[in-house]
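Residue numbering for the sequence shown follows the UniProt record's numbering, starting at 1 and increasing by one per position.
Cβ coordinates follow ideal geometry from the N, Cα and C atoms, glycine included.
For reference, the structure is listed below as structure tokens.
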Amino acid sequence: MRPKERRDSGQRDLFRARLDQIVDMAHPLVKLLRTIDWGFLERRFGAVYADVPGRPPLPTRLMAGLAILKHMHDLSDEALCDRWLENPYFQLFCGEEFFQHKLPFDRSSLTRWRQRMGEEKLAALVQESLSVATRTGAAKPSDFAKVIVDTTVQEKAVAFPTDARLMHRARERLVRLAKKHGVALRQSYERIGKHALIAYQRYAHAKQFKRAGKALRKIRTYLGRVERDVARRIKDNEALRDVFRRPLYLAERVREQRQKQRGRKVYSLHAPEVECIGKGKAHRPYEFGVKVSVATTLFRSKGGQFVAHVQALPGNPYDGHTLAQVIPDMEKQIGASISRIVADRGYRGHNAPAEHKFSVFIAGQRRRVTGAIKRELRRRSAVEPVIGHLKSDHRMGRNFLAHSAGDAANAVLAAAGYNFRRLLAWLALFCTIILATLARLGSAQNRPLAA
């Protein structure tokens, strides 16, 4: 069943005041909610639902507003619920007419809504943020014809992976699952396994690598014994085999992989989709997460520099080989053709579509570079502070959403939060400029004429 969308009923209540009567209607957040085309979001998100009998889902404006506020102010789901209850501006932004003292939704509804929408539907929030930027004068449509493209790593909320800790955790997960389902193991290795892990960490810290290797082999042996014991106990029970199939598969992969092994490895048991990505940073040689492509406007418009497109790229592809996928998707989202793309040297040998082959300029390029293009190439590094803000202020620095779908959704929502945060600042500045102009005109009219 489709969501039952909210509309302003104009109703009055003798005992409750309307939110539009107790808040400042000149507040930037109130101005922002008036400029957003909620009907467009309702049509895009409502297409996920089918008109069948059942309980109607939560209104689109409520859920979309919560997603925008969450990433605009860098809040967790729990903190967002607390702030929503005590902030009348948040409630008005999400379509409420009267102040609510209880949450009209459950916290888990946020997770289910994100999973139902997915990356493709959530991209409508970024698209709408760019439309609001053009409607409010924060940016011009021509600003999105020239973009800077770069890639970064969206790190996952996982501990730094070491072989010893991964094998220790794999054994603990198997033992815990066996206890839960009543599988009696010959030995759990809880006490001596913990002591072996502590010994390995101390020997490795002291650079006593022979002793550390001996402790690591013990941990690997304990894991192998538990694996084989579990396999023997459940071999005649089809239901238990289904329960233990994935944990046993991950435990075997962790036990067999080596530190210098080439190819795909498991770096986290609760998030096996995590990849090891090296970006050449001296202070952080390796990052564990997923590669993300970020495209921003080339020049800073009145409202700031906006994110035109963002997309998660699982598989750690070569930067230059991402343009064939990124450029068509970017043009579809912006609704206009890209005339110029500026990228760093990591995009050499790119596979951009044929119509954009000569529109891509790489830093340090010599041929086909005019004076205007040289000035634009000097703007390439302007994408770096935008990526920094996405990570530090809009929840891209550490992703807590599960699975590959969570990686993609978090990147898109971070970009939407960044753009709406720029629009909030622009509307506040625009209001200040108008008030200052009116005050100056009023003082000029009241000034007495010279004799």
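(Q) I need the DSSP call for Asp-150, collapsed to helix, strand or coil. (A) Taking the sequence shown and counting its residues from 1, the one referred to as residue 150 is at position 150. In the three-state reduction of the DSSP assignment, Asp-150 falls in the strand class.
Q. Assuming Leu-69 contacts Arg-169 under a Cβ cut-off of 8 Å, what Cβ separation, rounded to an integer in Å, is found between them?
A. Here the question's residue 69 lines up with position 69 in the sequence shown. Here the question's residue 169 lines up with position 169 in the sequence shown. Actually they are not in contact, since the Cβ atoms of Leu-69 and Arg-169 sit about 35 Å apart, beyond 8 Å.
(Q) Just to confirm, is the Cβ distance from Val-290 to Ala-271 under 8 Å? (A) Within the sequence shown, residue 290 is the residue found at index 290, counting from 1. Within the sequence shown, residue 271 is the residue found at index 271, counting from 1. No, the pair does not count as a contact, with Cβ atoms beyond the cut-off.
Q. What do you reckon, are the CB atoms on Val-56 and Arg-18 nearer than 8 Å?
A. What you label residue 56 is simply residue 56 of the sequence shown in a count that begins at 1. What you label residue 18 is simply residue 18 of the sequence shown in a count that begins at 1. A small correction: the amino acid at residue 56 is Pro; Val does not occupy that position in the sequence shown. No. Outside cutoff.
Q) Which class does Ser-188 belong to by DSSP, given the choice of helix, strand or coil? A) Within the sequence shown, the letter at position 188 stands for residue 188. In the structure shown, Ser-188 sits in coil (DSSP, three-state: anything other than H, G, I, E or B).
Q: Output yes or no for whether 8 Å exceeds the beta carbon distance between Met-167 and Val-254.
A: What you label residue 167 is simply residue 167 of the sequence shown in a count that begins at 1. What you label residue 254 is simply residue 254 of the sequence shown in a count that begins at 1. Cβ atoms of Met-167 and Val-254: closer than 8 Å.
Q) Under the three-state reduction of DSSP, which class applies to residue 452: helix, strand or coil? A) The structure shown has nothing for residue 452, since the chain only spans 1 to 451.
**Q.** Rounded straight-line distance, which links the Cα of Leu-41 to that of Gly-65
**A.** Translated into positions along the sequence shown, residue 65 becomes position 65. Translated into positions along the sequence shown, residue 41 becomes position 41. Going by the C-alpha atoms only, they are around 10 Å apart.
Q.
Would Leu-32 and Leu-424 be called neighbours here (beta carbons separated by less than 8 Å)?
A. Indexing the sequence shown from 1 puts residue 32 at position 32. Indexing the sequence shown from 1 puts residue 424 at position 424. Contact flag set, yes.
Q) From Ala-450 to Ala-428, what does the alpha carbon distance come to, in whole angstroms? A) Residue 450 sits at position 450 when you count from the first residue of the sequence shown. Residue 428 sits at position 428 when you count from the first residue of the sequence shown. Confidence at Ala-450 is low in this model, with a pLDDT of 47, below 50, so its placement is unreliable and no value can be given for it.
Q) Rounded to the nearest angstrom, how far is the Cβ of Ile-362 from that of Val-294, given a contact under 8 Å? A) What you label residue 362 is simply residue 362 of the sequence shown in a count that begins at 1. What you label residue 294 is simply residue 294 of the sequence shown in a count that begins at 1. Rounded, the Cβ-Cβ distance is 17 Å, inconsistent with contact.
Q: Enumerate in chain order the residues of its own chain whose CB-to-CB distance from Gly-263 is below 7 Å, with the five nearest sequence positions on each side excluded.
A: Against the sequence shown, residue 263 aligns to sequence position 263. Counting only Cβ-Cβ distances below 7 Å, and skipping sequence neighbours, we find nothing.
Q: Would you kindly work out how many angstroms separate the C-alpha atoms of Arg-211 and Tyr-222, rounded to a whole number?
A: Taking the sequence shown and counting its residues from 1, the one referred to as residue 211 is at position 211. Taking the sequence shown and counting its residues from 1, the one referred to as residue 222 is at position 222. Going from the Cα of Arg-211 to the Cα of Tyr-222 covers about 17 Å.
Q. Is the region 330-341 in contact with the region 150-161, if contact means three or more CB pairs nearer than 8 Å?
A. no
Q.
Which same chain residues end up closer than 8 Å to Val-48 when comparing Cβ atoms and leaving out the 5 residues on each side of it in sequence?
A. To locate residue 48, count along the sequence shown from 1; it is residue 48. Result list for Val-48: Arg-116, Met-117, Lys-121, in chain order.
Q. Near Gln-127, which residues of its chain fall below 7 Å by C-beta distance, leaving aside the five closest residues on each side in sequence?
A. If you number the sequence shown from 1, residue 127 lands on position 127. Excluding positions up to five away in sequence, the list reads Gln-333.
Q | Per DSSP, the bridge partner or partners of Val-294 | A | Here residue 294 refers to the residue found at position 294 of the sequence shown. In DSSP, Val-294 forms a bridge with Asp-150, Val-310.
Q | Contact under 8 Å by Cβ, Gly-320 with Gly-364 | A | As a first step, residue 320 must be located in the sequence shown, where it is residue number 320. As a first step, residue 364 must be located in the sequence shown, where it is residue number 364. Their beta carbons are not under 8 Å apart, which means Gly-320 does not touch Gly-364 by this criterion.
Q. Hey, would you say Val-158 sits closer than 8 Å to Tyr-267, going by beta carbons?
A. One-based indexing of the sequence shown puts residue 158 at position 158. One-based indexing of the sequence shown puts residue 267 at position 267. Result yes, Cβ atoms of Val-158 and Tyr-267 sit closer than 8 Å.
Q.
Suppose contacts are defined by Cβ-Cβ distances below 8 Å. Is Val-230 in contact with Leu-248 by that definition?
A. Mapped onto the sequence shown, residue 230 falls at position 230. Mapped onto the sequence shown, residue 248 falls at position 248. Yes.
(Q) According to DSSP, simplified to helix, strand and coil, what is Val-132? (A) Position 132 of the sequence shown, counted from the start, is the residue given in the question as residue 132. Here Val-132 sits in helix by DSSP.
Q | Gly-46 versus Ile-148 - alpha carbon distance | A | Numbered from its first residue, the sequence shown carries residue 46 at position 46. Numbered from its first residue, the sequence shown carries residue 148 at position 148. Distance between the alpha carbons of Gly-46 and Ile-148 is about 33 Å.
Q.
Strictly by DSSP, which residues pair up with Arg-245?
A. Position 245 of the sequence shown, counted from the start, is the residue given in the question as residue 245. According to DSSP, Arg-245 bridges with nothing at all.
Q: Determine the direct distance from the alpha carbon of Lys-218 to that of Gln-187, and round the result to whole angstroms.
A: Along the sequence shown, one-based indexing puts residue 187 at 187. Along the sequence shown, one-based indexing puts residue 218 at 218. Rounded to whole angstroms, Gln-187 to Lys-218 spans 14 Å at the Cα level.
Q: Tell me Phe-288's beta-bridge partners as DSSP assigns them.
A: Along the sequence shown, one-based indexing puts residue 288 at 288. For Phe-288, which the question treats as bridged, DSSP gives the partners Cys-276.
Q) What residues in its chain sit with their C-beta under 7 Å from that of Phe-144, if we drop five residues either side in the sequence? A) As a first step, residue 144 must be located in the sequence shown, where it is residue number 144. For Phe-144, where only same-chain residues beyond five positions count, the Cβ hits under 7 Å are Leu-130, Thr-297, Ala-308, Ile-334, Ala-336.
(Q) Tell me the DSSP secondary structure of Arg-368 in three-state form. (A) Here residue 368 is taken as the residue at index 368 of the sequence shown, counted from 1. Residue state, collapsed to three classes: coil.
Q: Identify which residue in Val-369, Gly-315, Phe-160 has its Cα closest to the Cα of Glu-287.
A: As a working note, residue 287 is residue 287 in the sequence shown. When only C-alpha atoms are compared, the closest one is Phe-160.
Q) From Ala-409 to Val-175, what distance separates their C-alpha atoms? A) Locating residue 409 in the sequence shown gives position 409, counting from the first residue. Locating residue 175 in the sequence shown gives position 175, counting from the first residue. Looking at the two C-alpha atoms, the distance is approximately 33 Å.
Q) Which residue comes first and which comes last in the alpha helix (DSSP H) that contains Phe-93? A) By 1-based counting over the sequence shown, the position of residue 93 is 93. Its alpha helix (DSSP H) spans residues 88-93.
Q: Please report the Cβ distance between Pro-59 and Arg-16, rounded to the nearest whole angstrom; I am assuming they are in contact, meaning their Cβ atoms lie under 8 Å.
A: Within the sequence shown, residue 59 is the residue found at index 59, counting from 1. Within the sequence shown, residue 16 is the residue found at index 16, counting from 1. Going by Cβ atoms, the distance from Pro-59 to Arg-16 rounds to 20 Å, so no, they are not a contact pair.
Q: For the beta strand (DSSP E) holding Ala-343, just list the boundary residues, first then last.
A: By one-based count along the sequence shown, residue 343 stands at place 343. Residues 340-343.
Q. Does the separation of the CB atoms of residue 466 and His-394 fall below 8 Å?
A. Nothing can be reported for residue 466, as the shown portion of the chain is limited to 1 through 451.
(Q) With H, G and I counted as helix, E and B as strand and the rest as coil, what does DSSP make of Val-230? (A) Your numbering for residue 230 matches position 230 in the sequence shown. It is helical.
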